Every structure is written in C-alpha cells, then in structure tokens.
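Encoded as structure tokens, the structure appears first; notes follow it.
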Amino acid sequence: MATEAAPPQDATKRLQTKKQTLDDAYAPPANYLEIDVGNPMTHGVARKRYTDYEVRMRTNLPVFKNKESTVRRRYSDFEWLRSELERDSKIVVPPLPGKAWKRQLPFRSDEGIFDEEFIEERKKGLELFINK
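Right, dumping it as structure tokens:
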C-alpha cells in the first residue's frame with residue numbers, strides 16, 4: 146500500500162506582502178509600452194478626402210530597437226490590424242469605433258465623417274482599441 150507524501154510545509158505558506166509606499170506607487174514602471182492616438186488630420190478635397198491619425202509608441206522594453214516611434218494611420222489601417230489579430234490569434238479582439246455609414250450619405254447638412262466632433266470621438270475609440 147503506497148502512501149502519498151504530504152506537501153512540504155513551505156508549499157502552503159501565504160505570500161509575504163509588503164505595504165506599497167507612495168514612492169513605489171508613483172515611480173515609473175520597470176517596463177512600459179505606451180501607445181497614443183492623436184493629432185487627426187484631414188487631407189484631400191471632395192470625394193478624395195480622408196482623415197488619418199498620429200499613432201505614437203513609447204517603450205523601454207528591450208525587444209524594441211526604437212524606443213519611440215510615430216506613424217500616421219487611417220481608419221482602414223486599424224480595420225486591417227483588427228482582422229489580422231482575429232485571424233491569427235485566440236484572443237478576443239476589441240471592437241473598433243463604428244464605420245458611420247449614415248454620416249457618409251450625400252446631401253448631409255453637416256460635414257459627415259469629417260465633422261470635428263466625429264473625428265475626435267473616433268480618435269478616442271481608436272485609442273481605446275489599440276490599448277486593450
């Protein structure tokens with residue numbers, strides 16, 4: 146008859162906790178990756194207009210050669226990224242802000258998808274998407 150060995154005494158000890166100081170709480174993190182979406186710009190005229198956004202990345206992770214990088218990307222680039230993430234991963238990919246089909250209808254009295262308030266809301270939605 147085989148008897149099971151009891152787990153070692155130290156295997157069931159509780160984790161030692163340490164109170165966090167204000168210095169610890171507000172110190173820069175050891176490793177970080179920050180991505181901001183901002184500075185929207187609308188280009189072109191009439192039916193060839195489009196808006197792009199500045200996407201800025203900052204990090205101290207050693208895997209990145211550049212510690213800071215900035216590119217401009219259109220909404221369609223975020224759509225491409227989302228579809229690639231869904232295709233190649235098992236994670237739940239967050240949604241993008243809406244496509245705003247109604248804002249693209251002709252004969253609107255406002256600027257449609259080029260309205261400043263809409264662009265600002267879309268920028269916020271893209272930043273939420275990229276940081277999830």
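The sequence shown maps to residues 146 to 277 in my numbering. Think of the CB as a built atom: it goes at the ideal place given N, C-alpha and C, for glycine as much as any other residue. Bear in mind the structure is a predicted one, so any value in this text is a computation, not a measurement.
DSSP links D197 through a beta bridge to M186 and R219.
With fewer than 16 other Cβ atoms inside 10 Å of its own Cβ, R192 counts as exposed.
With contacts defined as CB atoms closer than 8 Å, E272 and V182 qualify as a contacting pair.
For the pair A172 and E229, the Cα-to-Cα distance works out to about 35 Å. In this structure, L241 lies away from E213, with their beta-carbon atoms at least 8 Å apart. As a beta-bridge residue in DSSP terms, I180 pairs with M202. The shortest C-alpha to C-alpha distance from F209 to any of K163, I236, N176 and T166 is the one to N176. According to DSSP, E213 shares a beta bridge with R203. In this model, D233 and I258 are separated by some 31 Å (Cα to Cα). Judged by DSSP in its simplified three-state form, K268 adopts helix.
Y198 places its beta carbon 8 Å or farther from that of K277. Cβ-Cβ distances below 7 Å link G189 to Y195 in the same chain, with the five nearest sequence neighbours on each side left out; the list follows chain order. One thing to note: I236 has its Cβ no nearer than 8 Å to the Cβ of M202.
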